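Visitor:
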Amino acid sequence: MIIENVNANVYTSTVCSGQHGIYSGGGYVVPFSQDDLGAIEDALTKLFKSDWIDQLTKCIFVEFTLYNAASDHFTNVIIAFEFANFGVIYPSAFINSANLLNQQLKEQLWLQLSEGIMVISALFYAFVEIQNYRKLGFKKYFGNLWRCLEAFTVILTCAVGIVFFLRYYEFVEILKDFQKYGHTRFLNFEAVFQMHEHLHISLAVLGGVVIFKMLKVTAFNPLVVITFRSFLNAHADLYGLLLVTAILFCAFAVTGILLFGAIVRSYRSVTISLFTLLFFIMGESEYDSLVAADVFLGRIYFLMVTVSSQYIIVNFFCSILYEGFELTRYMAFRREQETIKYMGNRIKFYLGFGPKNVKSNKSRKADK
Numbered sequence: 001m002i003i004e005n006v007n008a009n010v011y012t013s014t015v016c017s018g019q020h021g022i023y024s025g026g027g028y029v030v031p032f033s034q035d036d037l038g039a040i041e042d043a044l045t046k047l048f049k050s051d052w053i054d055q056l057t058k059c060i061f062v063e064f065t066l067y068n069a070a071s072d073h074f075t076n077v078i079i080a081f082e083f084a085n086f087g088v089i090y091p092s093a094f095i096n097s098a099n100l101l102n103q104q105l106k107e108q109l110w111l112q113l114s115e116g117i118m119v120i121s122a123l124f125y126a127f128v129e130i131q132n133y134r135k136l137g138f139k140k141y142f143g144n145l146w147r148c149l150e151a152f153t154v155i156l157t158c159a160v161g162i163v164f165f166l167r168y169y170e171f172v173e174i175l176k177d178f179q180k181y182g183h184t185r186f187l188n189f190e191a192v193f194q195m196h197e198h199l200h201i202s203l204a205v206l207g208g209v210v211i212f213k214m215l216k217v218t219a220f221n222p223l224v225v226i227t228f229r230s231f232l233n234a235h236a237d238l239y240g241l242l243l244v245t246a247i248l249f250c251a252f253a254v255t256g257i258l259l260f261g262a263i264v265r266s267y268r269s270v271t272i273s274l275f276t277l278l279f280f281i282m283g284e285s286e287y288d289s290l291v292a293a294d295v296f297l298g299r300i301y302f303l304m305v306t307v308s309s310q311y312i313i314v315n316f317f318c319s320i321l322y323e324g325f326e327l328t329r330y331m332a333f334r335r336e337q338e339t340i341k342y343m344g345n346r347i348k349f350y351l352g353f354g355p356k357n358v359k360s361n362k363s364r365k366a367d368k
């Protein structure tokens with residue numbers, strides 16, 4: 001059995017994050033045998049007898065990576081046992097799967113062609129947006145929502161390319177270590193799968209922005225124009241409502257941590273509590289968990305969050321949006337009235353029914 005004292009400088013991609021915290025710094029790494037189950041049991045027995053787990057232990061990670069040669073598929077499994085300060089052990093599992101190799105020639109050529117087209121398109125549109133920025137200036141360029149989206153699309157596309165090459169670099173480094181050390185050294189695929197996940201998230205956000213840009217095509221639709229103008233006219237009130245909602249939900253999140261954080265896992269931290277409240281609004285209230293933690297306070301908390309989110313905030317939002325819609329209709333009606341009045345006056349003027357005392361600019365200059 002080999003026990004190594006490892007710090008962050010040796011294994012830079014070592015897993016240091018779990019569901020309940022981030023564990024930075026060094027630790028101990030125990031590599032197990034690949035095929036010999038008896039050796040693994042002996043190693044676990046020696047660890048148990050040597051008091052390897054003490055009061056300073058915060059988390060234990062068990063990690064292994066599987067490879068399917070038939071489909072060139074990698075599966076990374078991480079089992080974490082996190083030790084809380086009040087004596088509770090939280091087990092959790094992280095399973096990541098990805099196809100990191102492409103051995104078939106046709107797929108490789110197709111991927112290279114797609115990547116080349118992506119790079120050329122990104123450089124072309126980046127050049128176009130830089131030229132537009134130089135012509136319009138900072139205020140005029142970023143004062144237009146659609147140009148801001150164009151700039152964000154170019155930046156996000158460059159970020160996708162950077163993440164892609166970082167994932168490729170991490171994977172190549174792991175393959176080099178495997179060719180050098182084989183199964184005798186701990187190889188951590190977590191960094192590769194993190195880059196793979198970031199790549200998918202970046203691509204999803206990029207696709208969402210591009211789809212949102214398609215709303216520009218629907219600008220000729222009167223219903224869409226009225227809707228956007230309603231939001232624009234009510235933006236000040238909507239900002240105020242958003243601020244009040246954020247403060248209210250932060251207060252509910254802190255209250256949930258103080259009341260149920262030691263028992264209910266969905267309220268163990270501020271971030272997780274905010275996500276729990278978000279799903280609360282969508283319909284997943286976890287009412288049974290709250291009542292199981294505290295019969296009286298759980299029901300009171302459920303009632304307060306439900307009334308605040310489903311009735312008060314939603315009603316305020318609908319009222320603000322309705323006022324913005326009425327203001328938009330009134331402004332559109334005034335424009336229509338002014339247009340009709342102007343057309344009527346011009347027709348009267350051409351027919352000779354207009355005012356007779358109107359002088360042109362030339363006649364005024366002649367009088368002077």
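Counting from 1, one number per residue, gives the positions in the sequence shown under full-length UniProt numbering. Ideal Cβ placement from N, Cα and C applies to all residues, glycine included. It should be emphasised that the depicted structure is a prediction, and the values quoted were computed from it without experimental measurement.
(1) Look up ASN5 in the DSSP assignment and say whether it is helix, strand or coil.
(2) Do PHE61 and ALA43 count as a contact pair if the criterion is CB distance below 7 Å?
(3) What residue from PHE81, LEU203, GLY87 has the CA that sits closest to GLU63's CA?
(4) Identify whether ASN76 lies in helix, strand or coil by the three-state DSSP scheme.
(5) Return yes when the Cβ of PHE165 is within less than 7 Å of the Cβ of LEU100, no when it is not.
(6) Following the continuous alpha helix (DSSP H) through SER202, name the residue where it begins and the one where it ends.
(7) Once the 5 residues before and after PHE193 are set aside, which same chain residues still bring their CB inside 7 Å of it?
(8) From ILE226 to TYR330, what does the alpha carbon distance come to, in whole angstroms?
(9) Pick helix, strand or coil for TYR23, following the three-state DSSP scheme.
(10) By Cβ distance, which residues of its chain are closer than 6 Å to ILE79, with the 5 residues on each side in sequence left out?
(11) Output needed for ILE313: all residues of its chain with C-beta closer than 6 Å, excluding positions within five of it in sequence on either side, in chain order.
(12) Work out the CA separation of ILE22 and PRO91 for me, nearest whole Å.
(13) Quick one: residues in its chain with C-beta nearer than 7 Å to the C-beta of VAL291, no 5 flanking neighbours on either side, listed in chain order?
(14) I need the DSSP call for THR65, collapsed to helix, strand or coil.
(15) Here's the rule I'm using: 16 or more other beta-carbon atoms within 10 Å means buried, otherwise exposed. How should PHE252 be labelled?
(16) Are three or more beta carbon pairs between the stretch 315-329 and the stretch 256-274 nearer than 8 Å?
(17) Using a Cβ-Cβ cutoff of less than 7 Å, which residues in the same chain neighbour VAL307 once the five nearest sequence positions on both sides are dropped?
Guide: On the basis of the supplied data:
(1) For the purposes of this step, residue 5 is taken as residue 5 along the sequence shown, with counting starting at 1. With a pLDDT of 48 at ASN5, under the threshold of 50, the predicted position of this residue should be treated as unreliable, and no value is reported.
(2) The sequence position of residue 43 within the sequence shown is 43, counting from 1. The sequence position of residue 61 within the sequence shown is 61, counting from 1. No, they are not a contact pair.
(3) The residue you call residue 63 lines up with position 63 of the sequence shown. Measuring from the Cα of GLU63, the nearest candidate turns out to be PHE81.
(4) Position 76 of the sequence shown, counted from the start, is the residue given in the question as residue 76. In the structure shown, ASN76 sits in a strand (DSSP, three-state: E or B).
(5) For the purposes of this step, residue 100 is taken as residue 100 along the sequence shown, with counting starting at 1. For the purposes of this step, residue 165 is taken as residue 165 along the sequence shown, with counting starting at 1. No, they are not a contact pair.
(6) Taking the sequence shown and counting its residues from 1, one reaches residue 202 at position 202. Counting along the chain, the alpha helix (DSSP H) containing SER202 begins and ends at 190-213.
(7) Numbered from its first residue, the sequence shown carries residue 193 at position 193. The residues are ASN76, ASN96, ALA98.
(8) Along the sequence shown, read from residue 1 onward, the residue named residue 226 stands at position 226. Along the sequence shown, read from residue 1 onward, the residue named residue 330 stands at position 330. Roughly 11 Å between the two C-alpha positions.
(9) On the sequence shown, residue 23 is found 23 positions in, with the first residue counted as 1. In this structure, TYR23 counts as coil in the three-state DSSP scheme.
(10) Residue mapping note: residue 79 aligns to position 79 of the sequence shown, counting from 1. VAL62, ALA93, listed in sequence order.
(11) The sequence position of residue 313 within the sequence shown is 313, counting from 1. For ILE313, where only same-chain residues beyond five positions count, the Cβ hits under 6 Å are THR245.
(12) Here residue 91 refers to the residue found at position 91 of the sequence shown. Here residue 22 refers to the residue found at position 22 of the sequence shown. Spanning the two alpha carbons is a distance of roughly 15 Å.
(13) Translated into the one-based positions of the sequence shown, residue 291 becomes position 291. GLY298, ARG299.
(14) Position 65 of the sequence shown holds residue 65. The answer is strand: DSSP assigns THR65 an E or B state.
(15) In the sequence shown, residue 252 corresponds to position 252, counting from 1. With 16 or more Cβ atoms within 10 Å of its Cβ, PHE252 is classed as buried.
(16) no
(17) By one-based count along the sequence shown, residue 307 stands at place 307. Within the same chain, VAL307 has no close Cβ partners at all.
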